[in-house]
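Peer 1: Residue numbers (this note's numbering): 296 to 1019. Beta carbons are placed, not taken as given, at the ideal position from N, Cα and C, and that holds for glycine.
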Amino acid sequence: MRYKLLQEGDIQVCVIRHPRTFLSKILTSKFLRRWEPHHLTLADNSVASATPTGYMENSISYSAIEDVQLLSWENAPKYCLQLTIPGGTVLLQAANSYLRDQWFHSLQWKKKIYKYKKVLSNPSRWEVVLKEIRTLVDMALTSPLQDDSIHQAPLEIVSKLLSENNNLTTQDQESIIVAIAPLLENNHPPPDLCEFFCKHCRERPRSMVVIEVFTPVVQRILKHNMDFGKCPRLRLFTQEYILSLNELNAGMEVVKKFIHSMHGPTGQCPHPRVLPNLVAVCLAAIYSCYEEFINSRDNSPSLKEIRNGCQQQCDRKPNLPLRLLHTSPDLVSQEATLTESRLKPVIVTANEIHVEVERNNTANQKMTASVGNDSEPNLIDCLMVSPTCSTMSIELSAQADRILGCYVEILKMLSDYDDWRPALASLLQPIPFPKEALAHEKFTKELKYVIQRFAEDPRQEVHSCLLSVRAGKDGWFQLYSPGGVACDDDGELFASMVHILMGSCYKTKKFLLSLAENKLGPCMLLALRGNQTMVEILCLMLEYNIIDNNDTQLQIISTLESTDVGKRMYEQLCERQRELKELQRKGGPTRLTLPSKSTDADLARLLSSGSFGNLENLSLAFTNVTSACAEHLIKLPSLKQLNLWSTQFGDAGLRLLSEHLTMLQVLNLCETPVTDAGLLALSSMKSLCSLNMNSTKLSADTYEDLKAKLPNLKEVDVRYTEAW
C-alpha cells in the first residue's frame, strides 16, 4: 500500500511523557498553528505529567526520536504508535490503521533522513560514504510513501555532499553518479547536481557514464520540462551533454541519433515539449558563442549575470559603440566644404547597440528620412549601407566555433522533420538571435539551409513565417533577399521565397507593393536572367497598377521583352488587358447564376465570352470553384452581391477580394472552408451590409472584431459557428 508523506501540521495528538500511562483522549484534526520546520510539535496544557489530558508546549525534533514502533502486544490500544525519546515514551493513536501506518512510515522516513544528513555531512572514508549513499537510494526506492520529496531529499543530500567536496577522484565521482542513477529516472536533478554533471561532461565527455546514465536523464528533461527560465541549470546540463556527444568519435552522427530518439520512429513526435526545449537549448548555446563579443559592445547582461540575478544598470560597463566603417576612400558629401573631404561619422541607436556608419549620399538621404519620421533605424538597414560592411569581422574562439557548428547543425536536423517544421518556423520567426550572429557570415551561411527548408514547404503556416512577425520588423525574407545582411547568393533563395509566397496566399497588392518599394531592382535583375517567378511578379505589378512612374513601367516592359519567357508572359498580360476592357465594357446581364458543379475554368470561360460591366449579382452557390477564381471576380467593376455558398472558396480568395471589391455589399460564405485568417481581411470592405458566415470556422473574437470595423453591417448569420 502507498502512503502520502506527512508534512508539518498533519498530526495533532494528546501525549503523555510517563512511559506507563496511556492516553485518555485522542484528537486527529489539523493543528491550529504551523509547526516549526523539521520538528514534530506536540503541545501540552497539562500542569502535571500524570494527568492524561491537554497538549505539550515544547516541540520534539525528529532527530530526538530514538525509535518508532507499532504497538502489537495483547490488549494494547488500537492504532497506536510508540515513540521513544530521551526521558520517556510518547504514544500516538490514530483513527484507523491506514492513518497509523502513514504516521509510522513518515516518522521513520524523517528520522532516517536526518541520520543520513548527519553521516554524510562529515565524510571520512569514501568507500563508507558510497555504501551509505547506496543504502539511502534503496531506502527511497522501497519506501511506501508517495511524495516528490522522497526522491528529491536524497538527491539534495548527495548534491550538497558533492558541492562541498571538490577533491574527489574521477572514479569516486562516477561511482556516486551510478549509485544515484535510479533516482534520476523519474526526477530532475537539483541545481547543484546539474553543475556537477556539467563539470563531468566537460572534463570526461567520453566517459560511459555520459551515455549510460546521463542520456535517460536528459531525455526526461526534454520531454517534461516546461520552462527553462525557472531552472536554467537543467538547460546548461542539457547543453553540455549534447556537446559531450559531439566530442565522441562519431561526432554529429551520435547527436543525430539522439535527436532521432527524441523524435521517435513515427512521423509524429509524441512529446510536444521536446522541440521547444531543444530550440531553447540551441538558442542559448548560440548566444553563448557571441556572449563575450556582445558584452564588449553593449550593456546587456551576460548569461552569468542572468543566472545570478541581473545587475543594475549602473553596475555594468557603459556602452561601447560598434563601428561598421565603410572601406571606400571616395565618400565625399555634397554639402561638405572644400576643406572637408569626408563626412563626420554619425552615431545612430539600433535597439541595444550603437552603430557608427560612414555613408554615401543615398544612405544619407535614407537616414535623414528616418530621422525626420522620428523612427529608430533598423540594424539590418545600417548593415545594408554597403556590401563591404554588410558583415562584421567576427573571430570566434575554437571552442565557441565548435559550439556554434554543433547547434546550428541541430537546427538543420530539426528542420528536416515535417511535423516539427511548423513549430520550428514559428519559434524562429521573431529572429531570436543576437545581432552579432546575424552579421556573422559563417552563421548566416549555415542557417541558410533552415530558411531554405521553410521556403520549400508548401504549408502556409511554415512559409508564412519567412515574413516579419509584425509591421516595422525585418523577417527572414528581408535578411536573405538581395541587399540583405545574410544574402550570399545572386537571389536564388529570394526567388524561392517569393515563389512559395506568391503561390500561397500572398498574391496581394500589399505584398506586391512592398516588393516594388524595396526589392524592385533585384526582381528586375532576376527577371532579366529568366527567372519565371520574377517575370510573373513584374507582370502582376503592371496588371495591378502598382508602378506609377512611367519610366519605371517602360523599364519593366523592356526587361520583360528581353527574355523569351518574359516576352510570352507580357503578351499574355496584354491579351488579358484587352479582355478586361471588353469584360468591363458596359452591357451584359445584371444577374448571373452558374450551374452547380461548375469549375474555375468554366467561370473563366464564361467571363471571357462577352461584356459584364453591368453585372451586380453573381451566384456561384454549390459549384466547385476555389480561391483561384478570385482573379476573375476582381475584374467585375459593378459587382455588389456575391454568393459562394457551399463552395471551396478559401482564405486566399478572401484576401484578394478584400483588396479589389471594396464596393461589395452582400457576401454569402455559408459552408465554405474560410477561417479567421481570411475573414479578418473583410474588415477593409466597409460597404458590406449583409454577411453570411454560417457553418464556417469563425471564432467569437473575429466576429466581434468584424462588427467593430464594419459600420454598415446590418444582417449577419453566424449560426453553427463558435460565435453563435
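(1) Where does residue 530 land, buried or exposed, given buried means 16+ other C-beta within 10 angstroms?
(2) Cutting at 7 angstroms between CB atoms, please list the residues of its own chain near residue 895, excluding the five before and the five after it.
(3) Would you kindly check if the distance between the Cβ of residue 360 and the Cβ of residue 378 is under 8 angstroms?
(4) For residue 962, which beta-bridge partners are listed by DSSP?
(5) Starting from the Cα of residue 465, find the closest Cα among 441, 478, 365, 491 and give me that residue.
(6) May I have a chain-ordered list of the alpha helix (DSSP H) segments no shorter than 4 residues that lie completely inside the stretch 973 to 1017?
(7) Just the Cα atoms here: how many angstroms apart are residue 380 and residue 472?
(8) Measuring only the C-alpha atoms, how far is residue 407 from residue 470?
(9) For residue 837, which residues from the same chain have a beta carbon less than 7 angstroms from its beta carbon, with the 5 sequence-adjacent residues on both sides left out?
(10) What would DSSP say about residue 383, mapped onto helix, strand or coil?
(11) Smallest Cα separation from residue 755: which of 788, 355, 913, 792?
(12) For residue 423, is the classification buried or exposed, using 16 other Cβ atoms within 10 angstroms of its Cβ as the cut-off for buried?
(13) Can you tell which of 703, 366, 483, 885 has the C-alpha that lies nearest to the C-alpha of residue 251?
(14) Give a yes or no on whether the C-beta atoms belonging to residue 855 and residue 833 are separated by under 8 angstroms.
(15) Roughly how many angstroms separate the alpha carbons of residue 576 and residue 736, rounded to a whole number?
(16) So, under 8 angstroms CB-CB, residue 994 and residue 1018 are touching, yes? Tell me the CB distance rounded to an integer number of Å.
(17) Counting beta carbon pairs with one atom in the stretch 933 to 946 and one in the stretch 902 to 918, are three or more of them shorter than 8 angstroms?
(18) Do residue 928 and residue 956 have their C-beta atoms closer together than 8 angstroms?
(19) For residue 562, collect the residues of the same chain with a Cβ closer than 8 angstroms to its Cβ; drop the 5 residues on either side in sequence, then sort them by chain order.
(20) Answer with buried or exposed for residue 885, where buried requires no fewer than 16 other C-beta atoms within 10 angstroms of its C-beta.
(21) Quick one: residues in its chain with C-beta nearer than 8 angstroms to the C-beta of residue 783, no 5 flanking neighbours on either side, listed in chain order?
(22) Roughly how many angstroms separate the alpha carbons of residue 504 and residue 722, rounded to a whole number?
(23) Nearest to residue 483 by alpha carbon, out of 526, 772, 580, 402?
(24) Can the beta-carbon of residue 1012 be found closer than 8 angstroms to that of residue 978?
(25) Identify which residue in 358, 947, 440, 710 has its Cα closest to the Cα of residue 798.
(26) Using DSSP with H/G/I as helix, E/B as strand and the rest coil, what is residue 1019?
(27) Let's test the definition: count the other Cβ atoms within 10 Å of the Cβ of residue 630 and tell me whether it reaches 16, buried, or not, exposed.
(28) What ranges does the beta strand (DSSP E) occupy inside the stretch 834 to 908, keeping only unbroken runs of at least 3 residues that lie completely in it?
(29) Three-state secondary structure (DSSP) at residue 378?
(30) Evaluate residue 519 with the Cβ neighbour count: other Cβ atoms within 10 Å of its Cβ, from every protein chain shown; 16 or more gives buried, anything less gives exposed.
Peer 2: If we stick to the structure as given:
(1) As a working note, residue 530 is residue 235 in the sequence shown. Buried is the call here.
(2) Taking the first residue of the sequence shown as position 1, residue 895 is located at position 600. Excluding sequence neighbours, residue 895 sits near 920, 921, 923, 924.
(3) Your numbering for residue 378 matches position 83 in the sequence shown. Your numbering for residue 360 matches position 65 in the sequence shown. It is a contact, given that the beta carbons lie within the stated cut-off.
(4) If you number the sequence shown from 1, residue 962 lands on position 667. The partner list for residue 962 (beta bridge, DSSP) reads 937, 986.
(5) Working through the sequence shown from its first residue, we reach residue 465 at position 170. Nearest to residue 465 by alpha-carbon distance, out of 441, 478, 365, 491, is 491.
(6) 995 to 1004
(7) As a first step, residue 380 must be located in the sequence shown, where it is residue number 85. As a first step, residue 472 must be located in the sequence shown, where it is residue number 177. Their Cα atoms are separated by approximately 36 angstroms.
(8) Position 112 of the sequence shown, counting from 1, holds the residue named residue 407. Position 175 of the sequence shown, counting from 1, holds the residue named residue 470. In a straight line, the C-alpha of residue 407 is about 23 angstroms away from that of residue 470.
(9) Position 542 of the sequence shown, counted from the start, is the residue given in the question as residue 837. Cβ neighbours of residue 837 beyond the five flanking positions: 848, 851, 868.
(10) What you label residue 383 is simply residue 88 of the sequence shown in a count that begins at 1. In this structure, residue 383 counts as strand in the three-state DSSP scheme.
(11) Taking the first residue of the sequence shown as position 1, residue 755 is located at position 460. Comparing Cα-Cα distances from residue 755 to each of 788, 355, 913, 792, the minimum goes to 792.
(12) In the sequence shown, counting from the first residue as 1, residue 423 sits at position 128. Exposed, because fewer than 16 other Cβ atoms sit within 10 Å of the Cβ of residue 423.
(13) Residue 251 lies beyond the range of the chain shown here (296 to 1019); nothing can be said about it.
(14) Counting from 1 along the sequence shown, the entry for residue 855 is found at position 560. Counting from 1 along the sequence shown, the entry for residue 833 is found at position 538. The answer is yes: Cβ separation under 8 angstroms.
(15) The residue you call residue 576 lines up with position 281 of the sequence shown. The residue you call residue 736 lines up with position 441 of the sequence shown. Rounded to whole angstroms, residue 576 to residue 736 spans 22 angstroms at the Cα level.
(16) Indexing the sequence shown from 1 puts residue 994 at position 699. Indexing the sequence shown from 1 puts residue 1018 at position 723. About 7 angstroms; that satisfies the 8 angstroms criterion.
(17) yes
(18) Indexing the sequence shown from 1 puts residue 928 at position 633. Indexing the sequence shown from 1 puts residue 956 at position 661. Yes; because the gap between Cβ atoms is below 8 angstroms, this pair is in contact.
(19) Counting from one through the sequence shown, the residue named residue 562 turns up at place 267. These residues qualify, in order along the chain: 713, 714.
(20) Start at 1 with the first residue of the sequence shown, and residue 885 comes out as number 590. Classification for residue 885: exposed.
(21) Within the sequence shown, residue 783 is the residue found at index 488, counting from 1. These residues qualify, in order along the chain: 736, 739, 740, 743.
(22) Within the sequence shown, residue 504 is the residue found at index 209, counting from 1. Within the sequence shown, residue 722 is the residue found at index 427, counting from 1. Going from the Cα of residue 504 to the Cα of residue 722 covers about 33 angstroms.
(23) On the sequence shown, residue 483 is found 188 positions in, with the first residue counted as 1. The shortest C-alpha separation from residue 483 is found at 526.
(24) Taking the sequence shown and counting its residues from 1, one reaches residue 1012 at position 717. Taking the sequence shown and counting its residues from 1, one reaches residue 978 at position 683. Taking 8 angstroms as the cut-off, the Cβ atoms of residue 1012 and residue 978 do not count as close.
(25) The residue labelled residue 798 in the question sits at position 503 within the sequence shown. Of the candidates 358, 947, 440, 710, the one whose C-alpha sits nearest the C-alpha of residue 798 is 947.
(26) Within the sequence shown, residue 1019 is the residue found at index 724, counting from 1. In this structure, residue 1019 counts as coil in the three-state DSSP scheme.
(27) On the sequence shown, position 335 is the one that residue 630 refers to. Annotation note: pLDDT 34 at residue 630 (below 50); position unreliable, coordinate value reported separately. Classification of residue 630: exposed, given that the 10 Å Cβ count is below 16.
(28) Those beta strand (DSSP E) runs which fall completely within the stretch 834 to 908 and span 3+ residues are 886 to 888.
(29) Residue mapping note: residue 378 aligns to position 83 of the sequence shown, counting from 1. Strand.
(30) Sequence index remark: in the sequence shown, residue 519 carries index 224 (1-based). Result: exposed.
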